[in-house]
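In the numbering used here, the protein residues as written are 523 to 686. C-beta: ideal position from N, C-alpha, C; glycine also. Below: the structure, in structure tokens.
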Amino acid sequence: MIISYQGVESFKISQGDLTLAVNPQSKVAADITLFTKARNETSEKSGFIIDGPGEYEIKNIFIKGFLDRTFLITFEGIKLCFLGSKADQEEIEDIDILFVRPDAYKAAVALEPAVIIPMNYDKSTLAQFLKEAGEDKIEPLDKFVVKKKDLEGMESEVIVLKEE
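Following this line, the structure appears as structure tokens:
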């Protein structure tokens, strides 16, 4: 799986021929386009569109959306979560990769994901997030390439992605 950061809360997640675009800000060819926040009329979209609660299965990607705009995605055996405003932690468990705003570090750690990826940050909010995480010297990656087996033994490891 390849995860790249497109800025703000926008990500491109791909594996082989399948692509999931999350909150795209520009044109991205995708099999599934997921909006975890309200989208405006200029939002680019392609493929199957998901923008609300419910359970979906598209091309062996399983997505469960909650009212607070939390989304759980199971893709190639990896469980991803885009954390909404008031996530019910009882519904969210066994997260492999958690995407979170910088002000939600404590909530992120409580969910015990293998990896935490901050989003929608600027220099100061990222610095505060990393300070809370005890990670002062993280080098941002161009993209995060990961397989399920790579996540074994990881505990709330912070991965920072550069904006493409």
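*F666 and I525 closer than 9 Å at C-beta*: Stepping through the sequence shown from its first residue, residue 666 is reached at position 144. Stepping through the sequence shown from its first residue, residue 525 is reached at position 3. Contact: yes.
*Could you please give the first and the last residue of the uninterrupted alpha helix (DSSP H) stretch that includes V631?*
Counted from its first residue, the sequence shown places residue 631 at position 109. Element bounds for V631: 627 to 632.
*Three-state secondary structure (DSSP) of T541*: The residue you call residue 541 lines up with position 19 of the sequence shown. The answer is strand: DSSP assigns T541 an E or B state.
*State the DSSP-derived secondary structure class of F651, mapped to helix, strand or coil.*
As a working note, residue 651 is residue 129 in the sequence shown. Helix, per DSSP.
*So what's S678 in DSSP terms, helix, strand or just coil?*
As a position in the sequence shown, residue 678 is number 156, starting the count at 1. In the structure shown, S678 sits in coil (DSSP, three-state: anything other than H, G, I, E or B).
*Can at least three beta-carbon pairs, one atom from the segment 622 to 634 and one from the segment 581 to 596, be found at a separation below 8 Å?*
no
*Quick one: residues in its chain with C-beta nearer than 7 Å to the C-beta of P662, no 5 flanking neighbours on either side, listed in chain order?*
Indexing the sequence shown from 1 puts residue 662 at position 140. Correct list, in chain order: V682, L683, K684.
*Among all the DSSP beta bridges, which residues are the ones paired with I614?*
The residue labelled residue 614 in the question sits at position 92 within the sequence shown. None, per the DSSP bridge assignment.
*Compute the beta-carbon to beta-carbon distance between E603 and L589, rounded to the nearest angstrom, for a pair I have assumed lies under 8 Å.*
The residue labelled residue 603 in the question sits at position 81 within the sequence shown. The residue labelled residue 589 in the question sits at position 67 within the sequence shown. What sits at residue 603 in the sequence shown is Cys, not Glu. At roughly 15 Å, the Cβ-Cβ gap does not stay under 8 Å, so C603 and L589 are not in contact.
*asked:* Could you compute how far the alpha carbon of E472 sits from the alpha carbon of A626?
replied: One cannot answer for residue 472 here, as it falls past the ends of the chain, which runs 523 to 686.
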